[in-house]
Structure formats: structure tokens, C-alpha cells
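Everything below concerns the one structure shown next.
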Amino acid sequence: MPVETVEAEDVRAGEFAGSAVKRREDPHLLTGEARYTDDVQYPRMAHLALLGSQYGHAEIGAIDTSAAEESEGVLAVYTHEDLTESGIDGTMPAADPENGVAVERPLLARERVRYQGQPVAAVVAEGRYDAFRALDLIEVEYDRLEAAPELEDALAEGAPRLHDAAEGNVCFESETGDEEATEEAFSDADHTVALTVANNRVIPTAMEPRAAVARYRKSEDALIVELSSQNPHSVQDRLSDVLDVPEHRVTVRVPDVGGGFGAKLQPYSGHLLSAWCAMALERPIKWQARRTDDFQSMVHARHQETEIEAALSAEGDLLGLRGHIDADLGGYATGGGVGIPQGTAAMLCGQYDVPAGHVSVRGVFTNTAPISAYRGAGRPEAAYVIERLGSACARELEIDPAEFRRRNFIPSKEFPVETALGRSYDSGDYEKTLDRALEIVGYDGFRQRQEAAREEEKYLGIGFSSYVEVCGGSSGDMEGGLVRMNPEGGVVVGTGTQDTGQGHATSFAQVVADELGVDYDAVEVIEGDTDRVPEGGGTAGSRSLPMGGGALREAAGRLVEKGRTIAAHQLEASEADIEFDDGEFRVRGVPDRTVTIEAVAEAAYSPGDLPEGVDAGMEETAFFTPEGSTAPFGTHVAIVEVDPDTGELGFERYVAVDDVGTQINPKLVEGQIKGGIAQGIGQAVYEEGRYDENANLATGSLQDYAMPKSWQLPEVDWESTETPSPNNPLGAKGVGEAGTIAAMPAVVNAAIDALSPFGVDDLDAPLSEETLWRAARGETR
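Heads up, the sequence shown is in UniProt numbering, so the first residue is 1 and it goes up one at a time.
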């Protein structure tokens, strides 16, 4: 059943954490009061547009900008040479993989383009459409080169070489696990099961395309950039580095964000060039990418090809895993593109107690858009591989797929654990979520119903996904939090995370209201301003609540301790005798001697009311570093029907049971899970970014790139269990990516099960009608 929301006034003080308080963000977002980057306007503002390469691989000859420069409304036209002549090197910092090669990525292409849509030139004009018209007047001499848009193309003998430093188009190679122990496990195995799995390319498609507005105050040498981003402090660092402006003179502010999903973690050429143009022209500059620009030159995601093999005992116990991943990096390596496939390799044990494992990874340059983070960033890829393999093992050994999983789960008493592939899991009870999912879906009776349906030529299938991920920060990660109580009792909270729709203003207010014992409505949450919040790691890897919430709780706790000192002075008692509960300081054993935290805050701003040695003010900052990551988990079950005559796939049921640790707001958790499931189903059934043999993007618009519509998605029966994390003070685990991680293998496993009477035991996403129709006939696409 859906979680029912409650009004804040109906929640008792001190009990906000765990309550499904209504999102406070929604009235602002739903009544037309939201302010996105494209809503930002300034006097004398000009517009930036970027010319993307029409080819996927070509040498650049002369670039003639003369006609564009004479076009109506045009203020300037720039190429790479203009940037370098201005005194900057015109490149973004390169990803520098261990055991690999670092390749710089220019803001505007020089000498060669390596993917269609790569920015080649920039136009600044008085009006947006003036800038777009001028783009068509720029003449670029291209010498087209042979392209390598697919992994097999790039790795083939004699393939075109994308970067001189990358022999064979290989950027890096890495491995994880113990190869010797793994080979020993395979030599002792009674059975082995091998599978080749492809994670299809997806193109992040947020409602709001990329955008930025930059201003430069020459008298102060101050740069102010407003943009749609997930990580304002990271953008501040990059602007400072690339434009050679001291960081303290760079301000980054983030208005409302219409979706991020990982793709807005890093600044792009348009963000950085809008700032450079604002400095060069000394007037505000706006860049607003078009949807087609985002399809071509925003990062893509997921594309990996994996060979995986399991070693099994006669009883069906997993003895070892070994595999190899070829990861598409696109035309240039990003930090995410390098790190994600290595993260995939490390997550391939899944929920299973695997004694030995070894996985190698090869990162490969192709003539496609660079690959980087998208919701889940390596964990959906891993879950898809291991959960496909788990079901394949069950078929090979003729074991029920649910029983195979249960037999091989890491026992709950073993936590915390480190897997054979090097990932640490903080806590878990995997059987509990599996058992509850089976109960909800009515698994005991499903197989009989499935057989009866097949007799009537209706083909139902059930698919399982018992997933786990690692997220929510790490022992080396840090997040800042600021809590200030004003003299009148209002509370201002600052955090270095960044809301992109998750409900931070609601959940963070719940955390702080409970810790301080104040009214929930008295808490204001500030994000997305590098001037008001000194440092932060942004929103990625489901880190916001475990990290940001942990920092805010720690800062609020310090505020209480300062308040205790002031209260002791006011109550003329020893500080050791002061207790604090529900917003009141009281003298132990004397219940009528109390003072509220609001009264203490008022006194904190009156130096005459303070004890000796206590500074005025009521403000504390904390930088929180967790003991380790969090490991959310759960089991999702999909029941689908496939029509072998048409290839049509329909959902009969989707059940999700998730454990994300302590839930600060169960309604927000439910929303995050269900939204993630929608994106996972999108990849499983509909979405695929495709290039033709010349590296032209064939899915360059929403007419060609299919995203699921609301009526194509199932109702989700959602429940949860709670296994708190020991690694942060809230006990919370990351939730933002869990649904996406779980959904794809559940749906694909269900489709394979539905078509098993036709001899189908292997399918890869997306499950288009043609794919399923051909599979039912023993064909491959």
C-alpha cells in the first residue's frame, strides 16, 4: 500500500524522523513559482550557442567564421585558437586512470573531432535565435575519417586510432580480486555456468536541458555563475582551474533543477564557455542547450559488455566468479567513465557469499559521446550481470531461482563483510526482503497459474532481482553542514549537497527539528550557493542523507552542547546536571527549572547573558566523515506476459521490497524507489542509444529515443524493511538509485522466463517487440 503522508502540525515534537511529512518543496514547484536557470534574466544579457561537429570522426581543417561574425546581432565567434590566444589552455582536466593514458578534452575541438556533436565553435549574440542562425553560417572543413562507434569496431585489428597515446584504443586496464584463488575454485567446481551480458547505452534525459548564466564583475574580479547542476562546489573548482580565477572569487549558485540523474555532476563546455565569454565581453551570458544538443554531447551511460562465469558445487553453492568487462568510454575519458566499470567489477558478488572472485576491466575509446555517471553509476550494470547469472545458474542446475538465491545469500550474522571482489557491506538481512516479496507476489501459487496459462497459449514469466549496492559516501568522503539558530528562534541550515528533486528541504528539516526539538516549520534549508555554504560534495551516489544528514545532525548536536553551557549559566546549575529533551534544557531532578532552546538562542546574542569564555552567537559547522559506505538492498519481482505472435510485453505485477536503513521520511523513500524503477524499466524495455556505422547518432531526439510513458509502467507494490547502517549517526542508507539498480534484471529475467517454452534462455535489453518476436522464433536481432 502507498505510504500516507501527514501534515507537519500532526507530528509530535521530536518525532519528525520516521514520519511521512508532506514535501515542503511541492507548492513552490507546482504553482509556477519555480525558478530554473533559463528563467534567470539580467540587463544586457547575451546568448551563447555551440556548433557541434556533424561527423563522428574527422580531421578539422580551416574554420571560416567571417559570415557568422557579420550576422545580425552577433557579438563574437570563437574557436579553440581564440581560447588559447586569450591565455587559457582551452581544455578540461583529463581523467588520469591508473595503468592507463590521460587524454585532454578541449572545450572547443582542435585538429580532430571524436564524436558527433562535439563542440567546434561558439557564437555569442544579442538574442538566442541570432546565435543559432549564426551557427549555420560557420564553415568548417572536415576530412572524414573511418569511425569506430562500437566496442568491437574500436578493438578490431586495424581499427582507426582515436588518440595517439591509446594503443588499440585502450585507455586503461585493471583487475580486482584474487585470480589464483578463483582459478582454484573453478578447478574444484562440479558445474560452471557462463554468460555474456550487454548493458545497453542509455542517454540521460532530464526534463531540463543543461543551462548556465554567467556574470563577471570586473571591478571586483568576481565571477558569478548560475547553472543547473548537482555539485556547485565541484563546478566552482573547475571554473577556477580552467579560467585561472582564484576560487574565492568564483561564486556558483544553483536555482531549481529539473532533473540531474548523474549527468549534471560535471560542467560541460557550455558552462565553462559561458563564464569565459562573460569575462571576455563583460556582460551576462546565457547558455541553454537544446534537446538535440543534450542527446549528442551530454554524457551517455551504461554501455558495457561483460563475460561472466560462475563455479558451482553439486548442491548449487557458488564457489567462485570470474569475468571480463569491456567498457565503452566514448571519445574522451571522464572521471566517471573510468571509475564506473571498475565499480561494476567490484560489485559483481551481489548479495551472494562468493568465496573467490576475479574480474578484469578494459576501458575503450569509441567515436561516441563520452560515458559517465547516470542513476546508479556502475551498480545497475553489476546487478544486471549478477542477477542474470543467478537465474542462469538456477536453470542450469534445475533449482528454483528464489531458492538458488536464498541458498547463496550472505548470512545476516556475517555483517559487516568484505566480498571477494573488495566491496564492504555494512549490514543486511537478505532473506527477509526475499521472503516478503515472495509472500506479496503469491509465489507458491504462481507456477501452477503459469502452467495453466501456457495451456491457453498465454505466456507469463516471473523474474527476480535480489540486488545490493554500495553508496552513501565512504570512509574517505566528507560533507559539510551548518546549523544556525537566530535570536528569535528560527533555524537556518546549510548543506553542501544539492537537491535535484529528492526532497532535501523536507528531510533535512526533519533531522534538524528533531535534534534541536524545534518546530519543523522554523527550519530553513539552504543549498546550492558556494558563498553561503563553504564546502560540499554535491549530490551523487545516494550520499545526500547519509552524508549531508550526518553532517547536519552533528552540527545540531554541537549547537545543543553550546546551548547546554548557556542554559547552565541561566539556571545557575552545573553543566553536568543539565539535561536536554524536546527543545528544553532542565536541571536534573528539578523538573520545574527549565529554559527553552529558543530562550537560550536569544541569550546567545546578548553578551551580558553569556557565561565567561563563551562566544556570542548560536552557530555550528560540522564536517562529517562516515565510518564507511552504506549497502542498501532488497528483492524486486516482476511478472510479465509476452505475446509471442507480436512480441508485446505487458506487466501483470511488480513487487519491490527494499531496505535502505533508517527512513527519515518513508514517503520520500517510496517516491525515490518508484521513480528509480521507472528508469530501470526504461532501460529494460524501451531505451537504447544507437549510432550508425559512421558514428552518427541515430537516436538523436525524443522521436527516435523511446522513453516509457506513464501508462506503460506498472503499479508498484512497495514495502520495506529497516536494517540500520552502523556507519552514520542516522542509520540511513542511500535510496536514490536503488529502484533503478533493481528493476532491469527483474524485468529481463521475467521475459526470459515467459519465453522459456520457446527455448529462450538469454535475452538482452532493450526488450523491444521485435527482439521478443524474434526470440520466440529462435532468431537474434
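Ideal placement from N, C-alpha and C gives every residue a C-beta, glycine not left out.
Return yes when the Cβ of LEU545 is within less than 8 angstroms of the Cβ of ILE664, no when it is not. Contact: yes.
Short Cβ contact (8 angstroms threshold) for GLN236 with VAL257: Taking 8 angstroms as the Cβ cut-off, GLN236 and VAL257 do not qualify as a contacting pair.
Can the beta-carbon of VAL480 be found less than 8 angstroms from the beta-carbon of GLY422? The sequence shown places Gly at residue 480, rather than the Val named in the question. Not in contact: GLY480 and GLY422 (Cβ atoms no closer than 8 angstroms).
Between which two residues does the beta strand (DSSP E) containing HIS80 stretch? Careful: HIS80 lies outside any beta strand (DSSP E), inside the alpha helix (DSSP H) at 80-85.
Go through the segment 220-266 residue by residue and report every complete run of the alpha helix (DSSP H) that reaches 4 residues or more, in order. Counting only runs of at least 4 residues, the segment 220-266 fully encloses the following alpha helix (DSSP H) elements, listed from N- to C-terminal order: 232-243.
Inter-residue spacing [alpha-carbon to alpha-carbon] between ASP411 and THR635: It should be noted that the sequence gives Pro, not Asp, for residue 411. If I take the Cα positions, the gap works out to 15 angstroms.
Rounded to the nearest angstrom, what separates residue 783 and TYR332 at their Cα positions? Lying outside 1 to 781, the shown extent of the chain, residue 783 is not represented and no answer is given.
Can we say the segment 318-336 touches the segment 363-375, given the rule of at least three CB pairs closer than 8 angstroms? Under the three-pair Cβ rule at 8 angstroms, the segment 318-336 counts as touching the segment 363-375.
For the structure I just gave you, are there three or more beta carbon pairs, one from the segment 115-127 and one from the segment 37-48, closer than 8 angstroms? With the cut-off at 8 angstroms, the segment 115-127 and the segment 37-48 touch.
Go ahead and label LEU30 buried or exposed: buried means 16 or more other beta carbons lie within 10 angstroms of its beta carbon, across all protein chains shown. When all chains shown are included, LEU30 counts as exposed.
What are the start and end residues of the beta strand (DSSP E) that includes TYR129? Run containing TYR129: none in the beta strand (DSSP E); it sits in the alpha helix (DSSP H), 128-135.
So, helix, strand or coil for GLN41, using DSSP? Correct three-state label for GLN41: coil.
Can you look up LEU75 in the DSSP assignment and give me helix, strand or coil? Of the three classes helix, strand and coil, the one that applies to LEU75 here is strand, per DSSP.
GLY480: first and last residue of the uninterrupted beta strand (DSSP E) it sits in: It spans 479-485 - the beta strand (DSSP E) in which GLY480 sits, taken as one unbroken run.
Mind the definition here: the segment 547-564 touches the segment 754-774 only if three or more C-beta pairs lie below 8 angstroms; say whether that holds. Too few Cβ pairs lie closer than 8 angstroms, so no.
If we count the other Cβ atoms within 10 Å of its Cβ and call it buried at 16 or more, is PRO666 buried or exposed? That one is buried.
Within 8 angstroms, strictly: CB atoms of ILE371 and ALA301: The Cβ atoms of ILE371 and ALA301 sit closer than 8 angstroms to each other.
Based on Cα-Cα distance, which residue from ASN728, ASN727 and ALA732 lies nearest to THR721? Selected option, being the one with the closest Cα: ALA732.
Quick check: the segment 420-439 against the segment 650-659, are at least 3 beta-carbon pairs closer than 8 angstroms? Put simply, the segment 650-659 touches the segment 420-439. At least three CB pairs are less than 8 angstroms apart.
GLU4 classed as buried or exposed, judged by whether at least 16 other C-beta atoms fall within 10 angstroms: GLU4 comes out exposed.
Using the beta-carbon count (16 or more within 10 Å), is TRP711 buried or exposed? In this structure TRP711 is exposed. Its beta-carbon is surrounded by fewer than 16 other beta-carbon atoms within 10 angstroms.
Endpoints, the alpha helix (DSSP H) within which ALA181 is located: That run of the alpha helix (DSSP H) goes 179-187.
In the DSSP assignment, what are the bridge partners of PHE624? For PHE624, which the question treats as bridged, DSSP gives the partners GLU479.
By Cβ distance below 7 angstroms, which residues in the same chain neighbour GLY528 in space, the five residues on each side in sequence not counted? Cβ within range, chain order: PRO232, ARG253, VAL254 and GLN498.
Considering just the uninterrupted stretch of the alpha helix (DSSP H) at PRO119, what are its terminal residues? Following the DSSP letters along the chain, one finds PRO119 in no alpha helix (DSSP H) but inside the beta strand (DSSP E) bounded by residues 119-125.
On the three-pair Cβ rule with 8 angstroms, is the segment 456-469 touching the segment 589-609? Three or more beta-carbon pairs separated by less than 8 angstroms are not found between the segment 456-469 and the segment 589-609, which leaves the two stretches without contact.
For GLN703, count neighbouring Cβ atoms within 10 angstroms of its own Cβ and tell me buried if that reaches 16, exposed if not. By the beta-carbon neighbour count (other beta carbons within 10 angstroms, threshold 16), GLN703 is exposed.
Same chain, Cβ closer than 7 angstroms to VAL385, neighbours up to 5 away in sequence not counted: Excluding positions up to five away in sequence, the list reads VAL197, THR306, ILE308 and LEU348.
Does the segment 390-409 come close enough to the segment 681-696 that 3 or more CB-CB pairs lie under 8 angstroms? No, the segment 681-696 does not touch the segment 390-409.
Let me know if GLU387 comes out buried or exposed under the rule of 16 or more other beta-carbons within 10 Å of its beta-carbon. By the C-beta density criterion, GLU387 is buried, having at least 16 other C-beta atoms within 10 angstroms.
Would you say VAL468 and ALA356 are within 8 angstroms of each other, going by their C-beta atoms? Cβ distance not < 8 angstroms, so VAL468 and ALA356 don't count as in contact.
Between the alpha carbons of GLU104 and GLY90, how many angstroms are there, rounded? Taking the Cα positions, GLU104 is about 10 angstroms away from GLY90.
Go ahead and label GLY778 buried or exposed: buried means 16 or more other beta carbons lie within 10 angstroms of its beta carbon, across all protein chains shown. Exposed: under 16 other Cβ atoms inside 10 Å.
Touching or not, the segment 275-282 and the segment 217-225, by the rule of three or more beta carbon pairs under 8 angstroms? Yes, since at least three Cβ pairs between the segment 275-282 and the segment 217-225 fall closer than 8 angstroms, the two stretches touch.
Between the Cα of ASP531 and the Cα atoms of GLY548, VAL523, ASP221 and GLY496, which residue gives the shortest distance? Comparing Cα-Cα distances from ASP531 to each of GLY548, VAL523, ASP221 and GLY496, the minimum goes to GLY496.
Compare the Cα-Cα distances from LEU434 to each of PRO401, LEU312, ALA616 and ALA369 and report the closest residue. When only C-alpha atoms are compared, the closest one is PRO401.
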